[in-house]
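Chemist: Protein chains in written order, with my numbering: chain A, 1 to 174; chain B, 175 to 340. Where a beta carbon is used, it is the ideal one built from N, C-alpha and C, also for glycine. Being a predicted model, the structure only gives us computed values, none of them experimental. My questions all concern the structure below.
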Amino acid sequence: MAHFAVTAIGADRPGIVAALTGALHDAGGNLEDVSSTILRGHFATMLVVDAPGDADGIRTALENAAGPLGVQVHVADVEAGAPERPRATHALTAYGSDRPGIVSGLTGLLAERGVNITDLSCRRTGGGEPIYVMVAELALPDGLDVGALEAGIREVAAGVGVDVSFGPVEVETL
Amino acid sequence: MAVRPVLRYPHPVLKRPAEPAGEISDAHRALIEDLVDTMRAGPATVGLAAPQIGESVRAFVLDVSGHPRGEGAHGLVALFDPEVVEADDPDVLREGCLSVPDLTANVRRPRRVVVRGIDVDGSPREYEMHGFEARALLHEVDHLDGMLILDRVTTGSDLFPRRVYR
């Protein structure tokens, strides 16, 4: 068995997941993590799958199944046993009037400080004055000066004209 | 008495901590009347804070008694300078806001609160609130601190578009 990362995107409609996962099942594959969402009308999915054969064979099977639904497929060989997903320690929400540079400005700072983004969602609302909202879960490196990071975030946010909320993720074990 | 326009983010007054009301005056009472009129005019609106109509004063109104989740509520509540003195038993529910009309968010808030404040006659009042009424109260108090539902979201999966965009 080999390990593959599959990404697929197409105009949203019912049946895309069934077509992709049906083809993977028929190819003898076993799904691992899957994440999917609709991005402004486009259904986007990412799957990590264990399957026999090579990336070209998997791609052909997926294209035959989902191509007729208008879905574009990408398949990559990936290493099994990649590093564990780092635990998110903090959450960052930024929002403001939509303009270019909000996400790149904030994530550029995070990258500079060695902060790992473990989850990221952004939305632009409709209407006459669209609002842009970015919500990121962050894994901070050990020993990072959190106060200095927050000051940096607020400085970048002021520069791009967004409001921010930043704080630790609270996990309650029940 | 007037229905006033409800301000939407990014109007800056919504992000500014509101000023204490202090001594209650006729102007304060008129503000409460406008808040009630504007709340009653809104679609399924159960509460409104003064900054939402452009007045940076620590005042709000709420009335969840007509809401399906409003059983056991106090009816119309209008308070100045509210202070939440007890809050416990958290729960998550989807909230919307007239000032952030295109998004809704899953927000975690206590299910029980005790709040103290000043009523329109200038007398101290204390309420114990439960469930949906407690949530509405905390949402309004957030407005007085310049906080929106977007500040209460910690993961993208807790944020939802209110309309479908095509």
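By Cβ distance, which residues of its chain are closer than 7 Å to residue 159(A), with the 5 residues on each side in sequence left out?
Modeler: Within the same chain, residue 159(A) has close Cβ partners 105.
Chemist: Note down the Cα distance separating residue 321(B) from residue 115(A), rounded to an integer number of angstroms.
Modeler: Computed Cα separation, rounded: 26 Å.
Chemist: Can you tell me where the alpha helix (DSSP H) with residue 21(A) in it begins and where it stops?
Modeler: Segment 16-26, the alpha helix (DSSP H) holding residue 21(A).
Chemist: Please list the partners that residue 45(A) has in chain B, where partner means a Cβ-to-Cβ separation under 8 Å.
Modeler: Under the 8 Å cutoff, chain B gives no residues; its nearest Cβ is about 15 Å from residue 45(A).
Chemist: Applying a beta-carbon distance threshold of less than 9 Å, which residues of chain A neighbour residue 335(B)?
Modeler: Those are 123, 125, 126, listed as they occur along chain A.
Chemist: By how many angstroms is the C-alpha of residue 309(B) removed from the C-alpha of residue 285(B)?
Modeler: Whole-angstrom Cα-Cα distance: 7 Å.
Chemist: So which residues of chain B does residue 120(A) contact, with C-beta pairs closer than 9 Å?
Modeler: Within chain B, the residues near residue 120(A) are 330.
Chemist: What residues of chain A sit near residue 225(B), judged by a beta carbon separation below 9 Å?
Modeler: Neighbours of residue 225(B) on chain A: none; closest Cβ ~14 Å, over 9 Å.
Chemist: CB residue 301(B) to CB residue 315(B), shorter than 7 Å?
Modeler: Cβ distance not < 7 Å, so residue 301(B) and residue 315(B) don't count as in contact.
Chemist: Would DSSP call residue 73(A) helix, strand or coil?
Modeler: DSSP places residue 73(A) in strand when its eight states are reduced to three.
Chemist: If we call anything under 7 Å between Cβ atoms a contact, is residue 243(B) one with residue 266(B)?
Modeler: Going by C-beta atoms, residue 243(B) is not nearer than 7 Å to residue 266(B).
Chemist: When the Cα atoms are used, what is the spatial distance from residue 179(B) to residue 207(B)?
Modeler: So the two alpha carbons sit approximately 14 Å from each other.
Chemist: Quick check on the burial criterion: 16 or more other C-beta atoms within 10 angstroms. Buried or exposed for residue 256(B)?
Modeler: With 16 or more Cβ atoms within 10 Å of its Cβ, residue 256(B) is classed as buried.
Chemist: Taking Cβ positions only, does residue 184(B) come closer than 7 Å to chain A?
Modeler: Yes, its Cβ sits closer than 7 Å to a Cβ of chain A.
Chemist: Quick check: the Cα distance between residue 87(A) and residue 118(A), rounded to an integer number of angstroms?
Modeler: Taking the straight line from one Cα to the other gives about 8 Å.
Chemist: I need the DSSP call for residue 219(B), collapsed to helix, strand or coil.
Modeler: Of the three classes helix, strand and coil, the one that applies to residue 219(B) here is coil, per DSSP.
Chemist: What is the rounded straight-line gap between the Cα of residue 94(A) and the Cα of residue 101(A)?
Modeler: So the alpha carbons of these two residues sit roughly 12 Å apart.
Chemist: Just to make sure I have the definition right: I need the residues of chain B whose C-beta is within less than 7 Å of the C-beta of residue 137(A). Which are they?
Modeler: What residue 137(A) touches in chain B: 329.
Chemist: Would residue 12(A) count as contacting chain B if we go by Cβ distances under 7 Å?
Modeler: Cβ-Cβ to chain B under 7 Å: no for residue 12(A).
Chemist: What residues in its chain sit with their C-beta under 6 Å from that of residue 78(A), if we drop five residues either side in the sequence?
Modeler: Taken in chain order, the residues that qualify are 3, 5.
Chemist: Can you confirm whether residue 97(A), when its beta carbon is compared against all beta carbons of chain B, has any partner nearer than 7 Å?
Modeler: Closer than 7 Å to some Cβ of chain B, the Cβ of residue 97(A) qualifies, so yes.
Chemist: Below 7 Å on C-beta distance, what does residue 187(A) contact in chain B?
Modeler: The requested residue 187(A) does not occur in the structure, where chain A is confined to residues 1 to 174.
Chemist: Excluding sequence positions up to five away, which residues of its chain have a Cβ less than 7 Å from the Cβ of residue 129(A)?
Modeler: These residues qualify, in order along the chain: 97.
Chemist: Take every Cβ of the segment 22-30 of chain A, pair it with every Cβ of the segment 45-54 of chain A, and state whether three or more of those distances are shorter than 8 Å.
Modeler: A contact exists between the segment 22-30 of chain A and the segment 45-54 of chain A.
Chemist: So with CB distances below 9 Å, who are the chain A contacts of residue 318(B)?
Modeler: Correct list: empty, because the minimum Cβ distance to chain A is about 16 Å.
Chemist: Distance check for residue 261(B) and residue 303(B), CA to CA, integer angstroms please.
Modeler: Answer to the nearest angstrom: the Cα atoms are 10 Å apart.
Chemist: Once the 5 residues before and after residue 182(B) are set aside, which same chain residues still bring their CB inside 6 Å of it?
Modeler: Hits under 6 Å: 273.
Chemist: Hey, out of 141(A), 9(A), 135(A), whose CA is closest to residue 123(A)'s CA?
Modeler: Considering only alpha carbons, the answer is 135(A).
Chemist: With respect to the beta strand (DSSP E) encompassing residue 253(B), which residues constitute its N-terminal and C-terminal limits?
Modeler: Run containing residue 253(B): 251-269, per the beta strand (DSSP E) assignment.
Chemist: Write down every uninterrupted run of the alpha helix (DSSP H) in the segment 97-140 of chain A whose length is 4 residues or greater and which is fully enclosed by it, in chain order.
Modeler: You should have 102-112.
Chemist: Taking Cβ positions, are residue 213(B) and residue 235(B) nearer each other than 7 Å?
Modeler: Contact: yes.
Chemist: Please tell me whether residue 66(A) and residue 19(A) are closer than 7 Å, where the distance is taken between their beta carbons.
Modeler: A contact, by the Cβ cut-off of 7 Å.
Chemist: Output the distance between the C-alpha atoms of residue 12(A) and residue 232(B), rounded to the nearest integer angstrom.
Modeler: Rounded to whole angstroms, residue 12(A) to residue 232(B) spans 45 Å at the Cα level.
Chemist: Given that a residue counts as buried once 16 or more other Cβ atoms are within 10 Å of its Cβ, and exposed if not, what is residue 307(B)?
Modeler: So residue 307(B) ends up on the buried side.
Chemist: By the criterion of Cβ-Cβ separation under 9 Å, what are the contact partners of residue 262(B) in chain A?
Modeler: Neighbours of residue 262(B) on chain A: none; closest Cβ ~13 Å, over 9 Å.
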